[in-house]
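> Numbered per mature numbering (1 follows the signal peptide of the UniProt record, and there is no 0), the sequence shown spans residues -23 to -1, 1 to 505.
Don't be surprised by glycine CBs; every beta carbon is placed ideally from N, CA and C.
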Amino acid sequence: MRVRRSAVLAAAILVASATPALGLSGGTVSDDYPFTVWLSMDGRGCSGTLIDTRWVATAADCFPENPQGGAPARRTSASVVRTIRDGNVVEVGSAQVVNLVPRSDRNLMLAELDAPATRVQPIKVATTGPATGEVLRVAGLGRTTTEWGAPTQPSPAQGPSARSHTFSVTATNPSEISLLGDNGVDACKGDAGGPEFRDANGTRELVAVTGRSWQHGCVGVSETRQGTTGTRVDDLGTWLRPMLGCLADGPSDGMPVPPAGGVPRWYGWDSPDIPVSGAPAVTSSASGRIDLFAKGADNVLYHRTYQNNAWSAAESLGDGMASEPAVVSWAPGRFDVFARGYDNSLQHKWFDGSWHPWESLGGIIKYAPTVASWGPGRLDVFAVGVNDALHHMAFDGAWHDWENLGGTLTASPAAVSWGPNRIDIFARGGDNALYHMGWDNGWFGWENHGGYLTSAPTVTSWGANRLDVFAADRNSRLLHYSWEGQWFGFQDNAGRLTSAPTAVSWGPNRVDVFAAGTSNALCHTVFG
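(1) DSSP three-state label for Pro298, please.
(2) For Ser17 and Ser54, which I take to be in contact (beta-carbon distance under 8 Å), what is that distance rounded to the nearest angstrom?
(3) CB-CB under 6 Å to Ser476, same chain, minus the five flanking residues each way: which ones, in chain order?
(4) Is it true that the CB of Gly106 sits closer than 8 Å to the CB of Asp212?
(5) Nearest to His457 by CA position, among Asp445, Gln463, Asn43, is which residue?
(6) Nearest CA to the CA of Ser145: which residue from Asp489, Leu77, Gly161?
(7) What's the C-alpha gap between Ser155 and Val196?
(8) Return the first residue and the last residue of the beta strand (DSSP E) that Ser145 is part of.
(9) Measuring CB to CB, does Val363 end up less than 8 Å from Leu356?
(10) Around the C-beta of Pro478, are 16 or more other C-beta atoms found within 10 angstroms, so that it is buried, or is it exposed?
(11) Helix, strand or coil for His501 per DSSP?
(12) Identify the residues that DSSP records as bridge partners of Asp313: which are they?
(13) Rounded to a whole number of angstroms, what is the C-alpha to C-alpha distance between Thr26 and Trp216?
(14) Would you kindly check if the distance between the Cβ of Gly352 and the Cβ of Asp329 is under 8 Å?
(15) Is the Cβ-Cβ distance between Gly188 and Arg120 less than 8 Å?
(16) Which residues in the same chain as Ala48 place their Cβ atom closer than 7 Å to its Cβ, once the five residues preceding and following it in sequence are excluded?
(17) Rounded to whole angstroms, what is the Cα-Cα separation between Ser71 and Ser306?
(18) Which same chain residues end up closer than 8 Å to Gly415 when comparing Cβ atoms and leaving out the 5 residues on each side of it in sequence?
(19) Sort Trp191, Asp313, Gly297 by Cα distance to Val259 and report the nearest one.
(20) How would you call Glu89, buried or exposed, if buried means at least 16 neighbouring beta carbons within 10 angstroms?
(21) Where does Phe40 land, buried or exposed, given buried means 16+ other C-beta within 10 angstroms?
(22) Classify Asp163: buried if its beta carbon has 16 or more other beta carbons within 10 angstroms, exposed otherwise.
(23) Spatial neighbours of Val488 within its chain, please: C-beta separation below 8 Å, excluding the five flanking residues on both sides.
(24) What is the rounded straight-line gap between the Cα of Glu42 and the Cα of Ala50?
(25) According to DSSP, is Asn76 helix, strand or coil?
(26) Hey, is Arg317's beta-carbon within less than 8 Å of any beta-carbon in chain C?
(27) Roughly how many angstroms separate the alpha carbons of Gln284 and Arg266, rounded to a whole number?
(28) List the endpoints of the continuous beta strand (DSSP E) containing Phe491.
(29) Can you name, in chain order, every residue of its own chain whose Cβ lies under 7 Å from the Cβ of Phe174, other than the five neighbours on each side?
(30) Answer yes if the segment 339 to 346 comes into contact with the segment 386 to 400, meaning at least three C-beta pairs across the two stretches below 8 Å, and no otherwise.
(31) Report buried or exposed for Pro302, applying the criterion of at least 16 other Cβ atoms within 10 angstroms of its Cβ.
(32) Name the residue from Ser262, Ala263, Ala291, Asn286 whose alpha carbon lies nearest to the alpha carbon of Val253.
(33) By the three-class DSSP mapping on this structure, what secondary structure does Asp159 have?
(34) Taking DSSP as the reference, what is the three-state secondary structure of Asp365?
(35) Using a 10 Å radius around the Cβ and a threshold of 16 neighbouring Cβ atoms, would you call Pro334 buried or exposed?
(36) Determine the extent of the beta strand (DSSP E) in which Asp176 is found, giving its start and end residues.
See below:
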């Protein structure tokens, strides 16, 4: 759609002095935008945009008492439509805003929720800026041409339903865009913070959040001028990354590579663009190579290889597992994959030049298993039984019977071997602390290492006497705990995880960590 620039640009120059837009003065009601959130602050309300399961982007104008951020001065709740079936709201989720993070150079505020919106897919943050003449869709939950009341207290029976319309971009600057709604439509009170987004090949991308408006056509407003502004978010990837994990960066087929001679450090999150369901599994059979196995949303096992600084296409290995996979490689060209089957037994499939079908190794296990190998022809598999204890099964040319190692586990265990006759096992206990046991020519442990884990742990080793343990904390952030002759305390490495992490090392001073992020994206960060 072409925009009549001369008339629109004149209005856009004046939009910055218009009143804050606190749905739209037109458009259609739709339940197709569940990432549109209603923020209620003790009688005042704004729209917001879910960009992560725990983060809502909105206008800073909505929180005038909190210019520096922090805990909201007014008690603030966020209401989200979680599920819609046949046009009826099935479930409305509500969470409290516990923290505000302002952006100092523009009208933008991030609101952190006390609980994740787990049944709504957040909108992807765009990485390409808007162009003059581009058509965006704007959604909001505020006033309309006839309705005064914004949904300050949406009921479970109704829930907030966004009104949306198309707007054309008339001008841009580094932090803001000006828009003109088609057919005279404008943003109204209550729309501030709502999404302004594009459809990019079937994927919705958030370009900006609604800022200010002349409120042309809105109930109770006689203004003849028209125009709405938006606060850009497409250029904020670096700022968003510590809070949102890989969401801000979008897919990448590459991998962060440290400079030669540089000091090892953690790099930011990126995404290999692999949709997953739950925690993936990774192994390395050679320096510079990673083999990743993940359960897709269709319950199919997928395999991708990272080599020569690029990911291969996904290989489908079929169905047959009810849990996330576990994998180990004892030699180049050999992979052993384990999972919990649909009958809760331990299932095994392997590659030795070609893939073999799943075989059942029996037992009844509660969670995904884990596996370690200290050399060719050796496998040690660990799983949680129905009694919550850790059980062990070994292979050294033939499978041995299950062995009960005790403990009380509340998630899948993690295991690694740094050399012959050495295995280290980590688990989350009933108190959510990290526990450690192992084999060093005899079983030792359990040892309580404290902490508070909200996911299963993972562990990797790049050599003798080195361990790197990871898990999610109370806020779904990545925790790191390491051993190199002594234990180093828990370190917070940011990110926002929606699954347990998994880690692998292909050599000294190199650790790759993967986890599911928002929208089932596979997130990845590197120490190297």
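Taking the coordinates as given:
(1) Note that residue 298 is Met in the sequence shown here, rather than Pro. It is coil, neither helix nor strand.
(2) Indeed they touch by this definition, with Cβ atoms about 5 Å apart.
(3) Gly255, Ala256, Ala492, Ala493
(4) With a cutoff of 8 Å on beta-carbon distance, Asp212 and Gly106 are scored as near each other.
(5) Asp445
(6) Ser145 has its Cα closest to that of Gly161, out of Asp489, Leu77, Gly161.
(7) Distance between the alpha carbons of Ser155 and Val196: 22 Å.
(8) 139 to 149
(9) no
(10) buried
(11) strand
(12) Val305, Trp327
(13) The straight-line gap from Cα to Cα measures roughly 17 Å.
(14) no
(15) It is not a contact, given that the beta carbons lie outside the stated cut-off.
(16) Val75, Asn76
(17) 45 Å
(18) Arg399, Ile400, Asp401, Ile402, Phe421, Gly422
(19) Asp313
(20) buried
(21) buried
(22) buried
(23) Thr437, Trp439, Asp445, Ala480, Val481, Ser482, Val503, Phe504, Gly505
(24) 6 Å
(25) strand
(26) The structure shown has no chain C; it contains just one protein chain.
(27) 5 Å
(28) 487 to 493
(29) Ile100, Leu113, Arg114, Arg181, Glu182, Leu183, Val184
(30) yes
(31) buried
(32) Ala291
(33) DSSP places Asp159 in helix when its eight states are reduced to three.
(34) coil
(35) Exposed is the label assigned to Pro334, since fewer than 16 other Cβ atoms lie within 10 Å of its Cβ.
(36) Note, Asp176: beta strand (DSSP E), 172 to 177.
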